[in-house]
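Peer 1:
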Amino acid sequence: MSPVTREKRILETLVTLADTLVDDFDVASLFDDLVQRCTTVIDAADVGIVLGDSHGELMMMAASSPRLLSAEEIQLSKNSGPCIDAIHSGQVIRAGSLDEIAQRWPAFATVMRGSGYHSLHTVPLRLRSTVLGAMNFFRDSDGELGNSDAQVAHAIADIAAIGLMQERSVRESAIARKQLEHALASRIVVEQAKGIVSNSYDVTMEVAWALLRQRARSHQARVTDVARGVINGAIKI
1 MSPVTREKRI LETLVTLADT LVDDFDVASL FDDLVQRCTT VIDAADVGIV
51 LGDSHGELMM MAASSPRLLS AEEIQLSKNS GPCIDAIHSG QVIRAGSLDE
101 IAQRWPAFAT VMRGSGYHSL HTVPLRLRST VLGAMNFFRD SDGELGNSDA
151 QVAHAIADIA AIGLMQERSV RESAIARKQL EHALASRIVV EQAKGIVSNS
201 YDVTMEVAWA LLRQRARSHQ ARVTDVARGV INGAIKI
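Per the UniProt record's numbering, residue 1 is the first one in the sequence shown, and the count goes up by one each step.
Structure below.
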């Protein structure tokens, strides 16, 4: 590949990632495309991405080929490997030979050897102190990733982390918004039921509220459900 072509592809990859900062996007589709692009601009045979969920559980998110699946899966099952170390430390992990890999992660090295890989470079997906996952670059030859390729890998990982954080922020905001809307809707239902009980029994709103809560407790029901029953006439207080 000519330097001009490589630079063009790097730019296209970075632009694609930058688009996630302003547009809605699907994480799975983005990362599936990203790992394929990375193999064309970085000296790596295969690229994989591992992410942590909201509970800290790690999962395989994308793989450039089925060949690397076993190498990623052994890390997750054994909780040992460069990906795990990068996520826990927030630092870049490098290993330039199978001998070095075997000394640090024996089980992982066996799978690496069986899959035909010889070296690796792992970059955490990190935004400041928050580590979201890691990108794993698997190589078919000995030697660490060159400086130019490493810089590109780190730039891609950094922008991907920013996009991922934004996606999670938007998703969590949407959930919070729905929860607020639900809470407000429930409050309206309860207020309507309080008004019905107050008018029906000529009691204050405070007493009506107490009657609704008492009915809910005695029937092990939610106050909102009791309120809906009062409104539609299914429940008499």
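Idealized CB from N, CA, C, for every residue including glycine.
Label Met59 either buried or exposed according to how many other C-beta atoms from any shown protein chain fall within 10 Å of its C-beta, with 16 as the threshold for buried.
Peer 2: Burial check for Met59: the Cβ neighbour count within 10 Å stays below 16, so the residue is exposed.
Peer 1: What is the residue span of the alpha helix (DSSP H) that Asp46 lies within?
Peer 2: Premise fails: Asp46 lies in the beta strand (DSSP E), Asp46 to Gly52, not in any alpha helix (DSSP H).
Peer 1: Terminal residues of the continuous beta strand (DSSP E) containing Thr130?
Peer 2: Boundaries of the beta strand (DSSP E) harbouring Thr130: Thr130 to Arg139, taken from the DSSP string.
Peer 1: Out of curiosity, what's the CA-to-CA distance linking Phe108 and Arg67?
Peer 2: 14 Å
Peer 1: Should Arg213 and Val197 be called a contact, given that it needs their Cβ atoms to be closer than 8 Å?
Peer 2: no
Peer 1: Distance check for Ala183 and Gly48, CA to CA, integer angstroms please.
Peer 2: 41 Å
Peer 1: Within 8 Å, do at least three Cβ pairs link the stretch 91-103 to the stretch 68-76?
Peer 2: Counting C-beta pairs with one atom in each stretch, the stretch 68-76 and the stretch 91-103 have fewer than three that are closer than 8 Å, which means they do not touch.
Peer 1: Which residue's Cα is closest to the Cα of Ala44: Asp202, Ala150, Trp209 and Gly233?
Peer 2: Ala150
Peer 1: Verify whether the separation of the beta carbon atoms of Gly163 and Gly52 is less than 8 Å.
Peer 2: No, the Cβ-Cβ distance between Gly163 and Gly52 is not below 8 Å.
Peer 1: Strictly by DSSP, which residues pair up with Thr122?
Peer 2: Ile93 and Asn136
Peer 1: Under DSSP, the beta strand (DSSP E) around Leu58 begins and ends at which residues?
Peer 2: Leu58 to Ala63
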